[in-house]
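Chemist: Would you mind keeping the following structure in view while I ask a few things?
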């Protein structure tokens, strides 16, 4: 009986560990997507400023996204 109980506990722990990893991955991806969206909004605001003169929206966005993913 103890063997069956230990296997059941192990199976439940494995299931919850797997669910936990999947949810963490999903949450991290969601946060990163939101940050990239915010970076786009910021890049739109910066494109015509003196500090970023001569850079396109895409250039600024690439800089922001690289800094985000570090």
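Residue numbers (the numbering used here): 503 to 572.
All residues carry an ideal CB built from backbone N, CA and C; glycine is no exception.
Computed from a prediction, not measured in an experiment: that's the story for all the values here.
Mind the definition here: the region 511 to 529 touches the region 537 to 556 only if three or more C-beta pairs lie below 8 Å; say whether that holds.
Modeler: Touching, no.
Chemist: Would you kindly work out how many angstroms separate the C-alpha atoms of residue 565 and residue 532, rounded to a whole number?
Modeler: Residue 565 and residue 532: Cα-Cα distance of roughly 20 Å.
Chemist: Give the DSSP-derived three-state secondary structure of residue 527 in the structure shown.
Modeler: Here residue 527 sits in helix by DSSP.
Chemist: Provide the residue span of the alpha helix (DSSP H) that contains residue 566, from first to last.
Modeler: Per DSSP, residue 566 belongs to the alpha helix (DSSP H) from 559 to 570.
Chemist: Quick one: grab the DSSP three-state call for residue 520.
Modeler: Looking at residue 520 - three-state DSSP - the assignment turns out to be helix.
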